[in-house]
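> Each residue of the sequence shown is one higher than the last, beginning at 102 in our numbering. Think of the CB as a built atom: it goes at the ideal place given N, C-alpha and C, for glycine as much as any other residue.
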Amino acid sequence: MLKSNKKLLSLILLTTLIINVNNLWAQQSKIALEGNQLLNYETQVDSLLRLMTLEEKVKMIHASSSFTSGGVKRLGIPELVMSDGPHGVRMEHGRDWNFDDTTEDSATYLPTGITLASTWNKKLGFEYGTVLGSEAANRNKDIILGPGVNIIRTPLNGRNFEYLSEDPFLSGKMAAGYIKGVQSQGVATCVKHYDANNQETLRGKINAVVSETALQEIYLPAFRYAVEEGNVYTIMTAYNKVNGEYCSNNEYLFKVLHEQFGFKGASVSDWGAVHSTLPTLKHGVDIEMGTELSSGTRQNPNYNNFFLADPVIKLVKKHPEYEKYVDEKVKRILRVMYAVHLFDGKRPKGSRNTDAHHKTALKVAEEGIVLLKNDNILPLNKDIKTIAVIGDNATAKHAGQGGSSQVKALYEITPLEAVKKQFGTKVNILYARGYEPNKEGKGSEKLTKEALEVAKKADLVIYIGGWLHNLPDAMWGKYRYDSEGRDKQSYEFPFEQSKLMNKLSAIKPMITIIFGGSFGQYDKWIDDSKAILFVGYPGMEGGTAIAEILAGSVNPSGKLTFSIAKKLNDYPAHHIGEFPGNKKDVVYKDEIFTGYRYFDNEKSGLLYPFGFGLSYTTFKYGEIKTDKKKYSTNEIVKLNVSVTNTGNFDGADVIQIYIRRKNTNSAKPIKALKGFEKVYLKKGETKTVTFQLDKDAFMSWNKISKNWVTEPGDYYVIVARSANEIIKKIKITIK
Ligand code: BGC
């Protein structure tokens, strides 16, 4: 056994593997394309449409219950059944929010968007989507309301945990994989929230004032990738206004969606986000969803009063020329219905809570956890006798909270359980809560004292804290963190955790594990901690993944998808932009300078850069070269990057490709991410990855000609390991 292993190892050491990343991706695309049938049924769609009366058509363009839009019984057109959410099929909420507790509606609780994106593994995005799609099919859902791809503009946004990144390319590529995965199961995805829904404060009426350049370069591309690469079937418009018009009837946004992106599927409003009849009919959403706004109560809505219900019938009767707008909407909806097999019954049955699904949840957590600091303490030494686990997140469960993305997890392994399982028999594990979530956000003297006493008895402290979702007893109340409907009120970790962490890290070696949709304010414990892990919300197997990383059976490979600054005012949205605005408008003065695009110019406030994450092994980059030095505008730039695992653990690194225009003006970013690939390397192994950078990589928005152009000139192709760690810069010319 030993002998053959050695043989294998020497073979690996000798072989240089060549991977063409685009081939891998093409294989996935092929699988996914089989699920993309949006335009395959135009004849049937047109004939069905011709059979429908105006009243029947109008039934289809608004809600018929809390999570369905109308069908037409006479013609055998069923309702469209939707469900949240981005990281697991939501529990049942009944037709009109009348809960039905008798249904068995547990689901796989996957890591949330921020943890998925931290894997930087496109293939895993696809697997994640496949699990979600299969479970949705099994629960008879036609549309999954996710992924959420809004840009992480400020750490305070209550929904960052659902979103993916501060960078549109990373968000778009990870979303495309997810979408293909879901749709390969015959279920539609609904990419949300279109657009510029970057805060929850006053989300129902705030007007995001954003320049066209910032929209095109930062806030729209993730949706573009979702459409062009993911072939997403549906899209959800946001609650807010963009440049003066509600997103659900925003002429500019719909022009971009339909004409620039070529979207052929259906758009759905966020719940209660429609505000008008004629504008929405002409250049707005295809389906008005929600229950409360237009009429009645949440439990007893009158769907006929919706903006896209009786008022449309009245309007069209008066202006028959408007019927074409209704037809266009119904056509888009019917395309989706055909694509998700509502008429041919060919959707796979799907499955739920299988071991394979739970394994995917685990894999995403293992790859999505980011090691930010390690002073030679991790993986943990096997001789440790006593560990003090401290912090409420060591035992907290997160699946059921956070707003509409709640999931009834079949189970959720907490970090404390998993640490006990991993080290329990050989190591003495003590636990103290340290702080207790409470409405005032206060720390507790009693719990602090207890935690310090427990810490004193141990060789080291594993602190497990950070953010949580809304407080358990105040689901829709005022006291929310990392939850829909409200932004965080402070960048300080709640319940005076920094004070507690400062005290603990001063007396014992401390490993700090931070949960949340963002990091928090810099304090002394960051310097004093021996190791720091950022885990986002790692799903039902999150505890297991944390324990494996602590023990070293899994080598961390997650990379930050957002920049971490020391204090709130160091973030561009707060330093040069506006947040949360003046109750009416929020002006995006930070323009295109979100995240690293800002910190590239302004490094002083930066704590951890975008794309950063440590490993237990070391990587050495070898030959990096492009196939040529001069290209014409439409030519593909081929780039070979070779990397070797030079350390003592098998592990993975993420090769990040940024493009920089050599002589750029100050309104443009210093560099922008245009390629990435996660490479898995055994000890001693070398791989060469080929990137093919197409014209998309070199284009930018020209605000005068109002289109995407490649400006001829010199560019740098930058190979990096984070926004701050550049391995090599190659100059090329585009003529
Ligand atoms: C959220 C959406 C969600 C919808 C349905 C809204 O409040 O913003 O993300 O999909 O509710 O639950």
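(1) Under the three-state reduction of DSSP, which class applies to I831: helix, strand or coil?
(2) Using DSSP with H/G/I as helix, E/B as strand and the rest coil, what is N741?
(3) Would you tell me roughly how many angstroms separate the C-alpha atoms of R453 and K432, rounded to the nearest one?
(4) Can you look up I48 in the DSSP assignment and give me helix, strand or coil?
(5) Opposite Q793 in the DSSP bridges: which residues?
(6) Taking the alpha-carbon of L531 as reference, which of L740, T392, K521 has the nearest alpha-carbon?
(7) Just how far apart, CA to CA, sit T526 and A519?
(8) To the nearest whole angstrom, what separates the beta carbons of A367 and E692, a pair I think is in contact under 8 Å?
(9) Restricting to Cα atoms, I'd like to know which of D751, L517, S658, D484 is closest to L715.
(10) On the three-state DSSP scale, how would you describe W802?
(11) Quick check on the DSSP output: what are the complete alpha helix (DSSP H) runs of length 4 or more inside the region 556-637, in order along the chain?
(12) Is P265 near ligand 1, judged by its Cβ being under 6 Å from some heavy atom?
(13) If you draw a straight line from the alpha carbon of G678 to that of V310, how long is it in whole angstroms?
(14) From S148, T154, T216, pick the residue whose C-alpha is nearest to that of G640; which is it?
(15) Within 10 angstroms of its Cβ, does N482 collect 16 or more other Cβ (buried), or is it exposed?
(16) Can you check whether the CB of T662 is closer than 7 Å to the CB of A297?
(17) By a C-beta neighbour count over all protein chains shown, 10 Å radius and 16 as the cutoff for buried, is A607 buried or exposed?
(18) Taking Y279 as part of the alpha helix (DSSP H), name the residues at either end of that continuous run.
(19) Classify H420: buried if its beta carbon has 16 or more other beta carbons within 10 angstroms, exposed otherwise.
(20) Counting beta carbon pairs with one atom in the region 439-450 and one in the region 603-622, are three or more of them shorter than 8 Å?
(21) For I336, which residues in the same chain have their Cβ closer than 6 Å to its Cβ, ignoring the five residues on either side in sequence?
(22) Taking the C-alpha atoms as reference points, what is the distance between T811 and S801?
(23) By Cβ distance below 7 Å, which residues in the same chain neighbour L152 in space, the five residues on each side in sequence not counted?
(24) Measure the beta-carbon distance from Y426 to K365 and round it to whole angstroms, keeping in mind my assumption that it falls under 8 Å.
(25) Does at least one heavy atom of ligand 1 sit under 6 Å from the Cβ of W372?
(26) Classify W126 as helix, strand or coil using the three-state DSSP reduction.
(27) If you follow the beta strand (DSSP E) that K726 is part of, which residue opens it and which one closes it?
(28) Between which two residues does the alpha helix (DSSP H) holding K223 run?
(29) Taking all protein chains shown into account, decide if T290 is buried (16 or more other Cβ within 10 angstroms of its Cβ) or exposed.
(30) Can you name, in chain order, every residue of its own chain whose Cβ lies under 8 Å from the Cβ of K836, other than the five neighbours on each side?
(31) Excluding the 5 residues flanking G544 on each side, which residues of the same chain have their C-beta closer than 8 Å to its C-beta?
(32) If contacts are defined as beta-carbon pairs under 8 Å, then A276 and A323 qualify, I think. What distance do you get, rounded to the angstrom?
(33) Could you tell me the distance, in whole angstroms, from the CA atom of D686 to the CA atom of Y781?
(34) Just checking my contact of E180 with S165 at CB under 8 Å: how many whole Å lie between their CB atoms?
(35) For the region 444-523, which segments carrying the beta strand (DSSP E) assignment without a break, of at least 3 residues, lie completely within its bounds, in sequence order?
(36) Select from N401, T718, I252 the residue whose C-alpha is nearest the C-alpha of R196.
Reading it off the structure:
(1) Translated into the one-based positions of the sequence shown, residue 831 becomes position 730. Correct three-state label for I831: strand.
(2) Here the question's residue 741 lines up with position 640 in the sequence shown. Here N741 sits in strand by DSSP.
(3) Walking along the sequence shown from the start, residue 453 turns up at place 352. Walking along the sequence shown from the start, residue 432 turns up at place 331. Taking the straight line from one Cα to the other gives about 32 Å.
(4) The chain is shown only over 102 to 836; residue 48 falls outside these bounds and no answer can be derived.
(5) Working through the sequence shown from its first residue, we reach residue 793 at position 692. DSSP lists K739 as partners of Q793.
(6) If you number the sequence shown from 1, residue 531 lands on position 430. Nearest C-alpha to L531: K521.
(7) Numbered from its first residue, the sequence shown carries residue 526 at position 425. Numbered from its first residue, the sequence shown carries residue 519 at position 418. Approximately 12 Å, taken between the alpha carbons.
(8) Along the sequence shown, read from residue 1 onward, the residue named residue 367 stands at position 266. Along the sequence shown, read from residue 1 onward, the residue named residue 692 stands at position 591. Not a contact, Cβ separation roughly 32 Å.
(9) Position 614 of the sequence shown, counted from the start, is the residue given in the question as residue 715. Of D751, L517, S658, D484, the residue nearest in Cα terms is S658.
(10) The residue you call residue 802 lines up with position 701 of the sequence shown. Note: W802 maps to strand in three-state DSSP.
(11) The region 556-637 is shown to contain whole alpha helix (DSSP H) runs of 4 or more residues at 598-608, 625-629, in chain order.
(12) Position 164 of the sequence shown, counting from 1, holds the residue named residue 265. Just to set this straight, residue 265 is Leu in the shown sequence, not Pro. Checking every heavy atom of ligand 1 against the Cβ of L265, none is found closer than 6 Å.
(13) Locating residue 678 in the sequence shown gives position 577, counting from the first residue. Locating residue 310 in the sequence shown gives position 209, counting from the first residue. Their backbone Cα atoms lie some 11 Å apart in a straight line.
(14) Reading the sequence shown from its first residue, position 539 is the one you call residue 640. Out of S148, T154, T216, T216 has the C-alpha closest to the C-alpha of G640.
(15) As a position in the sequence shown, residue 482 is number 381, starting the count at 1. Exposed: under 16 other Cβ atoms inside 10 Å.
(16) For the purposes of this step, residue 297 is taken as residue 196 along the sequence shown, with counting starting at 1. For the purposes of this step, residue 662 is taken as residue 561 along the sequence shown, with counting starting at 1. Not a contact, by the Cβ cut-off of 7 Å.
(17) Taking the sequence shown and counting its residues from 1, one reaches residue 607 at position 506. Exposed, by the Cβ-count rule.
(18) Start at 1 with the first residue of the sequence shown, and residue 279 comes out as number 178. Its alpha helix (DSSP H) spans residues 269-284.
(19) Translated into positions along the sequence shown, residue 420 becomes position 319. Label assigned to H420: exposed.
(20) Result no; under three Cβ-Cβ pairs closer than 8 Å.
(21) Counting from 1 along the sequence shown, the entry for residue 336 is found at position 235. For I336, where only same-chain residues beyond five positions count, the Cβ hits under 6 Å are V292, Y295, S368.
(22) The residue you call residue 811 lines up with position 710 of the sequence shown. The residue you call residue 801 lines up with position 700 of the sequence shown. One C-alpha to the other measures close to 7 Å.
(23) Mapped onto the sequence shown, residue 152 falls at position 51. Cβ neighbours of L152 beyond the five flanking positions: L176.
(24) Position 325 of the sequence shown holds residue 426. Position 264 of the sequence shown holds residue 365. Incorrect: roughly 16 Å between the Cβ atoms, too far for contact.
(25) The count along the sequence shown starts at 1 and reaches residue 372 at position 271. Result yes, Cβ under 6 Å from ligand 1.
(26) To locate residue 126, count along the sequence shown from 1; it is residue 25. Confidence in W126 is poor, its pLDDT being 38 and thus under 50, which makes the residue's placement unreliable; the coordinate value appears in the next sentence. Correct three-state label for W126: helix.
(27) Here residue 726 is taken as the residue at index 625 of the sequence shown, counted from 1. 720-727 is the span of the beta strand (DSSP E), which, as asked, contains K726.
(28) Locating residue 223 in the sequence shown gives position 122, counting from the first residue. From DSSP, the alpha helix (DSSP H) with K223 extends over 223-239.
(29) Mapped onto the sequence shown, residue 290 falls at position 189. Using a 10 angstroms sphere on the CB of T290, the tally of other CB atoms reaches 16 or more, which defines it as buried.
(30) For the purposes of this step, residue 836 is taken as residue 735 along the sequence shown, with counting starting at 1. Here the set comprises K731, Y732, S733, T734, P813.
(31) One-based indexing of the sequence shown puts residue 544 at position 443. Hits under 8 Å: Y536, F596, E597, Q598, K600, L601.
(32) Reading the sequence shown from its first residue, position 175 is the one you call residue 276. Reading the sequence shown from its first residue, position 222 is the one you call residue 323. So it is a contact: roughly 6 Å between Cβ atoms.
(33) Here residue 686 refers to the residue found at position 585 of the sequence shown. Here residue 781 refers to the residue found at position 680 of the sequence shown. C-alpha separation (whole angstroms): 46 Å.
(34) For the purposes of this step, residue 180 is taken as the residue at position 79 of the sequence shown. For the purposes of this step, residue 165 is taken as the residue at position 64 of the sequence shown. So it is a contact: roughly 6 Å between Cβ atoms.
(35) 471-475, 487-491
(36) The residue given as residue 196 occupies position 95 in the sequence shown. When only C-alpha atoms are compared, the closest one is N401.
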